[in-house]
Amino acid sequence: MAEMQAWQVAHPGPMEKVFRLTTTPKPTSLKPGQILVKVSRAALNPADYKVCELGVASRLITSFPNIPGMDLSGRVVSVAEDVTDAKEGDLVLARASPTKAWGSLAEYTVCDREGYTVIPETLDLDQAAGVGTAGLTAYQTIAPYVKSGDKVFINGGSGGVGLWGVQIAKALGCSVTVSCSTGKADLCRSLGADDIIDYKTSDVIAELKKRGQVFSLCVDNVGDAPPNLYASSNDFLLPGSSFVFVGGHVSAKSVLSLTTNLVRPSFLGGVKAKFVTYATANKKKDLDQLRDWLVEGKVKTVIDSTFGFKEADKAFEHLKKGSSGGKVMIHVE
């Protein structure tokens, strides 16, 4: 049986204790709609380590042992009989399913039909690998709710999803206001942000009130700061607008914020914006659009740092510090 190198999480627990480089059987059988990919690059997300650190709840999300990692680029090795949109030898950008055992931190992985798109040979593989989770999340929380000319407020513009959100909103023809720290303001501006609210030096809600009821969409990538952002949204969101809750880190405060907003009867606050909760989903047509924008130069992956395949444990240590200014990339080959 052919084998491969892969990073595995044996069971739920702290990432530094359960994450190991192993030799494991290479996947061979493919179900309908699946492709086998030789991984070139893998891009990390906080969810890649957070899932295994949820204790008993981890087993409700995925099986163990598993290969973590979702976002990748690589070359197709084989395809299921019914696959017609990719063939052996094609390059793809992809997002492996977070609920299945095959992740991106391996020499080979399996991707489902909705989780990949073919890319041109000329596209940079690091750029392609960084699209996946953050790109899909940003696209799916903005594109359905706006039209060209709209004003969008992104709470948390300099995180992984926020950096994509700024670019996607601009690609859709929107004007973009973001909240971020002083140190990340220039980065957000360089990606197209029209207006910056520095949460280190100003009151975000007060600043939004100054701008008035002008925004067609608020995307909350933070979840628990500033408090009462949704409750205050009448002051800055147009009637009939949406408030999309992505949430950043999972904390008691963010869970309380989400629960409060979901159960809040309208007569208590009279908030006019529709509160929308969100979970990232693999959608091929969305990946196709992101790929096209990437090729056209309308969006890009912001890369923080690069690690070799055997340094994936060190890459997670870096990611967990929470200060990365973009994607942490793993060169698998």
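Residue numbers for the sequence shown follow full-length UniProt numbering, beginning at 1 and rising by one.
Where is the CB? At the ideal position from N, CA and C, for every residue including glycine.
As the structure is a computational prediction, the values presented were derived from the model and not from experiment.
Residue environment, Ser202, which counts as buried when at least 16 other CB atoms sit within 10 Å: On the sequence shown, residue 202 is found 202 positions in, with the first residue counted as 1. The residue in question, Ser202, is exposed, as its Cβ has fewer than 16 Cβ neighbours within 10 Å.
task: In angstroms with no decimal places, state the Cα-to-Cα distance between Thr24 and Asp150.
output: For the purposes of this step, residue 24 is identified with residue 24 of the sequence shown, where counting begins at 1. For the purposes of this step, residue 150 is identified with residue 150 of the sequence shown, where counting begins at 1. If I take the Cα positions, the gap works out to 50 Å.
- prompt: Looking only at C-alpha atoms, which of Val76, Asp313 and Gln213 sits nearest to Leu237?
  reply: Working through the sequence shown from its first residue, we reach residue 237 at position 237. Comparing Cα positions, the closest option is Gln213.
- prompt: Alpha carbon to alpha carbon, what distance is there between Val166 and Asn155?
  reply: In the sequence shown, counting from the first residue as 1, residue 155 sits at position 155. In the sequence shown, counting from the first residue as 1, residue 166 sits at position 166. The alpha-carbon atoms of Asn155 and Val166 are separated by roughly 11 Å.
- prompt: Under the rule that 16 or more other beta-carbon atoms within 10 Å means buried, what is Lys184, buried or exposed?
  reply: By one-based count along the sequence shown, residue 184 stands at place 184. Its Cβ being crowded by 16 or more others within 10 Å, Lys184 is buried.
- prompt: Quick one: Cα of Gly173 to Cα of His318, how far?
  reply: Within the sequence shown, the letter at position 173 stands for residue 173. Within the sequence shown, the letter at position 318 stands for residue 318. Using only the alpha carbons, I get a separation of about 35 Å.
query: Gly69 and Leu105: beta carbons closer than 8 Å?
result: Position 69 of the sequence shown, counting from 1, holds the residue named residue 69. Position 105 of the sequence shown, counting from 1, holds the residue named residue 105. Yes; because the gap between Cβ atoms is below 8 Å, this pair is in contact.
query: Do the CB positions of Cys180 and Ser148 come within less than 8 Å of each other?
result: As a first step, residue 180 is located in the sequence shown; it is residue number 180 there, counting from the start. As a first step, residue 148 is located in the sequence shown; it is residue number 148 there, counting from the start. Cβ distance not < 8 Å, so Cys180 and Ser148 don't count as in contact.
- request: Kindly confirm or deny that the region 73-84 and the region 44-56 touch, where touching means at least three C-beta pairs closer than 8 Å.
  value: no
task: Can you have a look at Lys87 and say buried or exposed, based on whether 16 or more other CB atoms are within 10 angstroms of its CB?
output: Mapped onto the sequence shown, residue 87 falls at position 87. When all chains shown are included, Lys87 counts as exposed.
- prompt: With C-beta atoms as the reference, is Lys272 less than 8 Å away from Pro226?
  reply: Here residue 272 corresponds to residue number 272 of the sequence shown, with the count starting at 1. Here residue 226 corresponds to residue number 226 of the sequence shown, with the count starting at 1. No, these two residues do not count as a Cβ contact at 8 Å.
- request: Could you tell me which residues DSSP puts in a beta bridge with Arg189?
  value: Here residue 189 refers to the residue found at position 189 when the sequence shown is read from its first residue. DSSP output for Arg189 lists no bridge partner at all.
task: Starting from Trp7, follow the beta strand (DSSP E) in both directions and report where the run begins and ends.
output: Position 7 of the sequence shown, counted from the start, is the residue given in the question as residue 7. Note, Trp7: beta strand (DSSP E), Glu3 to Val9.
message: Among the candidates Ala193, Cys52 and Trp164, whose CA atom is the shortest distance from the CA of Val178?
response: Mapped onto the sequence shown, residue 178 falls at position 178. Among Ala193, Cys52 and Trp164, the Cα nearest to that of Val178 belongs to Ala193.
field: Where Thr133 falls: helix, strand or coil (DSSP)
entry: The count along the sequence shown starts at 1 and reaches residue 133 at position 133. The answer is helix: DSSP assigns Thr133 an H, G or I state.
task: Return the chain-ordered list of same chain residues with a C-beta closer than 7 Å to the C-beta of Val276, the five sequence neighbours on each side being excluded.
output: Here residue 276 corresponds to residue number 276 of the sequence shown, with the count starting at 1. Within the same chain, Val276 has close Cβ partners Ser242, Phe243, Val244 and Phe245.
field: Residue environment, Ala2, which counts as buried when at least 16 other CB atoms sit within 10 Å
entry: Against the sequence shown, residue 2 aligns to sequence position 2. It counts as exposed.
- request: My understanding is that Thr99 touches Ile61, with C-beta atoms under 8 Å, so please give their C-beta distance in whole angstroms.
  value: Locating residue 99 in the sequence shown gives position 99, where the first residue counts as 1. Locating residue 61 in the sequence shown gives position 61, where the first residue counts as 1. Contact flag correct, Cβ pair sits at about 6 Å.
- prompt: By a C-beta neighbour count over all protein chains shown, 10 Å radius and 16 as the cutoff for buried, is Ser29 buried or exposed?
  reply: Working through the sequence shown from its first residue, we reach residue 29 at position 29. By the 10 Å Cβ count, Ser29 comes out exposed.
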